[in-house]
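Participant:
Residue numbers (this note's numbering): 55 to 154.
(1) Check this for me: beta carbons of residue 73 and residue 109, under 8 Å apart or not?
(2) Between residue 90 and residue 65, what straight-line distance do the alpha-carbon atoms span, to the nearest angstrom?
(3) Taking C-alpha atoms, which residue in 77, 142 and 148 lies nearest to residue 58?
(4) On a Cα-Cα basis, can you pick out the residue from 148, 139, 137 and 114 that is closest to residue 61?
(5) Could you tell me whether the Cβ atoms of residue 137 and residue 103 are closer together than 8 Å?
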């Protein structure tokens with residue numbers, strides 16, 4: 055399973071998880087922006103077509119938002135794994151990307 059790194063970033067007092075994939079995927083965790091979350095999830099689902107992966111948070115200051123981001127990614131990784139299994143079952147993954 056591929057591991058993709060992510061980092062916790064702060065922009066003008068708001069916190070985001072930046073998934074270091076090309077293109078970068080940004081998930082807001084300190085404000086309510088459903089369109090940004092939906093867009094990020096759509097990108098992650100598109101990425102799942104290439105194969106299953108896990109997102110790992112780079113070490114940073116272990117403040118409250120670091121722990122929130124870590125837990126968020128743990129839950130997200132479980133959901134991504136389940137979605138990938140469903141995508142395989144229904145033939146929505148690239149044939150060459152399926153793990154043997």
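By construction, the Cβ of each residue, glycine as well, lies at the ideal position given by its N, Cα and C atoms. Since the model is a prediction, treat every value here as computed from it, not as a measurement.
Facilitator: So, from the data block:
(1) Your numbering for residue 73 matches position 19 in the chain shown. Your numbering for residue 109 matches position 55 in the chain shown. Pairing residue 73 with residue 109 gives a Cβ-Cβ distance under 8 Å.
(2) Within the chain shown, residue 90 is the residue found at index 36, counting from 1. Within the chain shown, residue 65 is the residue found at index 11, counting from 1. Distance between the alpha carbons of residue 90 and residue 65: 15 Å.
(3) Stepping through the chain shown from its first residue, residue 58 is reached at position 4. Here the closest residue by C-alpha is 77.
(4) Walking along the chain shown from the start, residue 61 turns up at place 7. The shortest Cα separation from residue 61 among 148, 139, 137 and 114 belongs to 114.
(5) Residue numbering aside, residue 137 sits at position 83 when the chain shown is read from its first letter. Residue numbering aside, residue 103 sits at position 49 when the chain shown is read from its first letter. Cβ atoms of residue 137 and residue 103: not closer than 8 Å.
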